[in-house]
Structure formats: structure tokens, C-alpha cells
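First up is the structure itself, then whatever we jot down about it.
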Amino acid sequence: MNKVADLVEEPRDGGAIVRLSGHLSIACLHDLPARLDALAGPVAAIDLSEVSHMDTIGAWTVHRTAKRLNCDIVGGDEDSLRLIQTVGTLDEPVSVRPAYVSPWQRVVGQIGEATINAGATLLGLLGFFGSTLVASWNVIRHPSRFRLNAVVQRFEVVGVSALGIIGLMSFLIGIVIAQQGSVQLRQFGMEMLTINLVGRLTFRELGVLMTAIMVAGRSGSAFAAQLGTMKLTEEVDAMRTIGVSPMEALVLPRTLAVVVMMPLLGFYASIMAVIGGGFLCAVSLEIPPITFIQRLREVVPITDLWVGLIKAPVFGVIIALAGCFQGMQVKGNAEEVGMRTTSAVVQAIFLVIVIDAFFAVFFTWLGWN
């Protein structure tokens, strides 16, 4: 049976000693809190040597009384004292409103926090890229560890399944470029230069760039969500436990698939954009398809095609690394999966555009204008 909590006050010269006994639990406290609140004289200590059981409510009652009377707590066992100490750490005032921070300080703080996060993410991506290179070298040294089925499956997911949406997007972009360019060139009587605009812009820049953005939103996000879910369900830890490297089994097939498929998808997107531009030229500008193709062969140098094909694998590496890196960083809950997936897409698109700018300067320096 539960023993009713009780107290005995023993007067002393230096202050009374309050001896508690029984079970200090919510079922046995009865009027003990009111009796403790009635204590007003100087109290030297609260003695818990006769307390046989204590729960959180009892610990809070003892802590509150000791704090009010400014006295010590003695005689309790180790568990009781630890519970009282834990309850005491929560006895802090809660501010209803956050402390005022000036807008200038808040903006500077957010910029600093974003800079630190960007630097940490960049270092993490570089480290992840190094881990991918190590995994690639291990697979080269031990070809039996290469997962051909996983790579072929990713070929289908990344490449074949994306042909429809990438083709439609590129076809429409070609129409838009031709239409907007022809409107401006018509003012100077140079509608024929629309072919130059469509051909050079799609093969050199927009074909592979728009493909990279589409693949980042489609496949990069899928990589982050898949690996993030596997992290939450502890499948990645289970793979490590049985001796399977997650980098070799999960990251490497996805990276290889994107790197191989990006040049093919970029070339396919450029062709579809040219077809879209030729369609508008035939309908709106009355330029026959034969004339369009002949003019295209004259004005588009082969270097434009090589520029796009060189950039495509680099964009593929960035997209795959961003998606897999963010997926492997997931921990905690399902909300983290959504946040990491968003970060993967944003980072991949941002890095693709930055690298594309560097490529533009580099190829201009080489003379591939």
C-alpha cells in the first residue's frame, strides 16, 4: 500500500529541520504541499532520509519549497536527489515574447548564418566528392563489386523516362526563342538570322542547361528523397553492418547513370529545340525546312556541339552529388527529408549555373566563340 506523505518540523537554533516521510507521489501527497507552503520560519534543511518513494510531482514540491525557504536538501538517496536536480533545471521563467533584436542585427545575423551554412555545405560536398572518387577507385580495383543492374535501372529512370518531358520542354523553348528573336530581328529586316540564334543558342547553352535544370528537379530530388528515406529507416546503417559500402551500392550507380545520360539528353534536347525553332520559322517566317537545315549547317560550328557535350557530364556530376549528399545528411524525422530534397534541387541548379558561367569564360578564352 502507498504510505501517506507526512512532515515533522524540528526546531533548532540555526533554523528548523523539516523531516519528510512516506511516499512523495501524486497519490500520497494529500495536504502536504499546503503544509509546506505554510512554513514561514527559518528552515535550515529539508531531510528526505525517511522518504521511501518519490515521483516527479513530489520532487517538484520539494524543490519549490527548498527554493522558497532558501534551505538545503539532505538525506535523500541518489535517485531522489537526481530527480530533484532535473526538475530544478526546468524551473526557469519562459519569456512570452522573444528579446528585441534590431532589424540591422537580424539581417547581419541571417547573412552570417547563411554564409556559414554555405561554407559548411561546400566543404561537405567536396568531402562527399572525395568519397565518391575513393569508391570509384575501389570498384575499378575490384570489378566484381560493380553493380551493373543498379546502373542500368538508373539509366531508365534518369534517361528513358525523361525523354518525354525533356523533349516537350525543349521543343517549346525552341519555339519561344525563334518567336522572340524573329520579332526583334524583323525590325532590321534580318529574319534569316533567327536560324543563327536558334542553332547556336540551343547547341551551345540552352539545350544542356535546361536539361540539367530538368534533371536536377526530377532526378536530383528523387535521389535525395530515396536516400533520405533509407537513412530514416536505417537501411543505410544496415548495409554498413553487413559490410556493403553505401557509396558503392547507392551513390556510385546514380552518379554514373547521370554522368552517362546527361550528354545524350543534352544532345536530344538541342535537337528538339532546333526542331521547334524550325517549326516556327516554317509557319511564321515562311522559311522552308530545307533552307533552315542548310543555313543551320553553315552558321553553327562544330565547336558549339562540343561545348555542350563537354559541359553535360560535369553538370551530371554536380546534380548527382548534390542529390546524394543531401539525402545522406537526413536524420531525425520526415520533415528533414523534405528540407534536404529542396536543398538538393536548389544547390544543384545554383552550382550548375555557376559552373556554366565559368565554362562560358573558359571557352571564350580558348577562342571557341
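Residues in the sequence shown are numbered from 2 upward in steps of one, following the working numbering.
Glycine included, each C-beta is placed from N, C-alpha and C at the ideal position.
Treat the numbers as computed from the prediction; the structure is a model and nothing was measured.
Query                                                                                                                                                           : Result
Among Trp369, Ala41, Ala270, whose alpha-carbon lies nearest the alpha-carbon of Pro302?                                                                        : Trp369
Within the continuous alpha helix (DSSP H) that includes Ser183, where are the two ends?                                                                        : 164-186
I'd like the span of the alpha helix (DSSP H) that includes His64, first residue to last.                                                                       : 57-70
What residue from Glu157, Ala321, Ala17, Gly59 has the CA that sits closest to Val260's CA?                                                                     : Ala321
Looking only at its chain, what residues have a beta carbon closer than 6 Å to the beta carbon of Val52, apart from the 5 residues adjacent to it on each side? : Leu21, Leu25
In this structure, does DSSP put Gly110 in helix, strand or coil?                                                                                               : helix
State buried or exposed for Glu249, treating a residue as buried only when at least 16 other CB atoms are found within 10 Å of its CB.                          : buried
Rounded to whole angstroms, how far is the Cβ of Ile214 from the Cβ of Leu198, which I believe are closer than 8 Å?                                             : With a Cβ gap of about 20 Å, Ile214 and Leu198 do not count as contacting.
Under 6 Å Cβ to Cβ from Leu37, same chain only, skipping five residues before and after it: list those, please.                                                 : Thr66
Whose CA, out of Arg255, Glu299, Ala225, lies closest to the CA of Phe147?                                                                                      : Arg255
So Thr203 packs on Gly160, CB below 8 Å; how close in whole Å?                                                                                                  : Incorrect: roughly 19 Å between the Cβ atoms, too far for contact.
Look at the alpha carbon of Gly77 and the alpha carbon of Cys29, and state the distance between them as a whole number of angstroms.                            : 18 Å
Residue range of the beta strand (DSSP E) that Ala17 falls in?                                                                                                  : 17-25
Taking the alpha-carbon positions, what's the Ser285 to Met170 distance?                                                                                        : 20 Å
Determine, using beta carbons only, whether Met193 and Ile288 come nearer to each other than 9 Å.                                                               : yes
Please report the distance separating the alpha-carbon of Phe316 from that of Val353.                                                                           : 6 Å
For the candidate residues Gln348, Ile356, Ala358, Phe363, whose alpha-carbon lies nearest to that of Asn118?                                                   : Gln348
Would you mind working out which of Gly131, Ser145, Ser222, Leu233 sits nearest Ile350, comparing C-alpha positions?                                            : Ser222
Specify the secondary structure class of Glu192 as computed by DSSP and reduced to three states.                                                                : coil
Decide if Ser220 is buried, meaning its Cβ has at least 16 other Cβ atoms within 10 Å, or exposed.                                                              : buried
According to DSSP, is Ala46 part of a helix, a strand, or is it coil?                                                                                           : strand
For Val353, does the three-state DSSP call read helix, strand or coil?                                                                                          : helix
Could you check where the alpha helix (DSSP H) with Ile303 kicks off and where it finishes?                                                                     : 303-329
Suppose you measure from the CA of Thr195 to the CA of Gly208; what does that come to, to the nearest Å?                                                        : 16 Å
In the structure shown, what three-state DSSP assignment does Val252 receive?                                                                                   : helix
Closest to Asp32 by CA distance: which of Leu84, Ile47, Gly59, Ala136 is it?                                                                                    : Gly59
Quick check: is the beta carbon of Glu79 nearer than 9 Å to any beta carbon in chain B?                                                                         : The structure shown contains no chain B, having only a single protein chain.
So, are the CB atoms of Thr342 and Ala226 less than 9 Å apart?                                                                                                  : yes
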